[in-house]
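Everything on this sheet refers to the single structure shown next.
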Amino acid sequence: MLSRLTRPRALAVCALPVAALLATAVSAPLPFSVARPGLTADVLGENKGTPVITVSGAPTRTTEGQLRMTTIEATGPDADIRIGEVIGGWFDTDRAVMPRDAVYPSGGNVREIERYNERQMARSQDAATTAALGYLGRDGQGIDVTLRLADVGGPSAGLMFALGIVDKLDGDGSGGDLTGGRVVAGTGTITDRGAVGAVGGVPLKTQAARRDGATVFLVPKAECADARAELPKGLRLVPVATLEGAVDALRALATGKGDVPAC
Numbered sequence: 005m006l007s008r009l010t011r012p013r014a015l016a017v018c019a020l021p022v023a024a025l026l027a028t029a030v031s032a033p034l035p036f037s038v039a040r041p042g043l044t045a046d047v048l049g050e051n052k053g054t055p056v057i058t059v060s061g062a063p064t065r066t067t068e069g070q071l072r073m074t075t076i077e078a079t080g081p082d083a084d085i086r087i088g089e090v091i092g093g094w095f096d097t098d099r100a101v102m103p104r105d106a107v108y109p110s111g112g113n114v115r116e117i118e119r120y121n122e123r124q125m126a127r128s129q130d131a132a133t134t135a136a137l138g139y140l141g142r143d144g145q146g147i148d149v150t151l152r153l154a155d156v157g158g159p160s161a162g163l164m165f166a167l168g169i170v171d172k173l174d175g176d177g178s179g180g181d182l183t184g185g186r187v188v189a190g191t192g193t194i195t196d197r198g199a200v201g202a203v204g205g206v207p208l209k210t211q212a213a214r215r216d217g218a219t220v221f222l223v224p225k226a227e228c229a230d231a232r233a234e235l236p237k238g239l240r241l242v243p244v245a246t247l248e249g250a251v252d253a254l255r256a257l258a259t260g261k262g263d264v265p266a267c
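Our numbering puts the first residue of the sequence shown at 5, with every later residue one more than the last.
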């Protein structure tokens, strides 16, 4: 036999599953990572007491200024992220909530992911060396470049590695520094032929760059809008699509001659 519920009672009964669902959502881990501005490192200098760029087989220059690669720091792939952290990240400009798959490759445990990021870094370093020597017309000359950067994985330092090699070997091409004595930061993947690719996490990387003294930030052209959205005061964005374009932009900044692209 069926009986009709009064409206208040019906609402109360219907609310029980909703309350249970909300309680589960609050306590259940979610497939997100929380990211923050990470470390930066001057590829023209040392990292943990070791030169980042070592060149043999060719004379190198003593450089001034800095070329700082940038990173984000994210919660680990096995971290439990709850809804409170996700909501907090939406309102905090010093944090970003990102899908876990956008930060870490899916389907692996922590050690497998670490090895994947190490391989990505190694490939990035090889591509940066090939791109830089090719740009300078010095590939095949027996120049050996070693790149060392501890505790950093992934491919997003490729552009800055390549620029560091160019500055060490050739500077601005006229006896000066590619940086013009500035603290220049940036991010971007690179291919063997010098094409610069997008990386993600750019707003957090601009914060890290400004925190560590940068006044210029090289950003993949495709990520201009993301970089502008939360740009720290005092940081100039320079969009780049190729290694050649990045070198040209830095030369124009250093000499005051020529056009410097803007987002």
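For every residue, glycine included, the Cβ atom is placed at its ideal position computed from N, Cα and C.
When only Cα atoms are considered, N113 and Y120 end up about 11 Å apart. Pairing L239 with D98, the inter-Cα distance amounts to about 16 Å. Nearest to T44 by alpha-carbon distance, out of A136, D155 and V264, is D155. About 7 Å separates the beta carbons of L241 and L235, which is inside the 8 Å limit, making them a contact pair. A distance below 8 Å separates the beta carbons of V220 and R186.
Taking a 10 Å sphere around the C-beta of K209, we find 16 or more other C-beta atoms and assign the residue as buried. In its chain, beyond the 5 residues on either side, A39, G42, G205 and L208 have a beta carbon closer than 6 Å to the beta carbon of I76.
When C-beta atoms of the segment 163-182 are compared with those of the segment 139-150, three or more pairs fall below 8 Å, so the two segments count as touching. Taken in chain order, the complete beta strand (DSSP E) segments of 3 or more residues contained in the segment 158-211 are 187-190. Listed as beta-bridge partners of D46 by DSSP are R72. Secondary structure of D98 (DSSP, three-state): coil. In the structure shown, A154 adopts coil according to DSSP, grouped into three states. Counting only residues of its own chain and dropping the five nearest sequence neighbours on each side, P159 has a CB closer than 6 Å to the CB of Q124, S128 and T193. Excluding five sequence positions before and after D148, the CB atoms of its chain that fall closer than 8 Å to its own CB belong to V59, S60 and G61, given in chain order. In this structure, the beta-carbon distance from G157 to E118 falls below 8 Å. Residue environment: Q145 is assigned as exposed (fewer than 16 neighbouring CB atoms within 10 Å of its CB, all protein chains considered). Within 10 angstroms of the beta-carbon of P243 lie 16 or more other beta-carbons, which makes it buried. Between the beta-carbon of C267 and that of R215 there is about 20 Å, and that puts the pair past the 8 Å contact cut.
Distance from T191 to V223 at the Cβ level is roughly 7 Å; contact confirmed, criterion being Cβ atoms closer than 8 Å. DSSP, read as helix, strand or coil, puts N51 in strand. Taking C-beta separations shorter than 6 Å and ignoring five residues to either side along the sequence, the partners of T150 in its chain run T58, following chain order.
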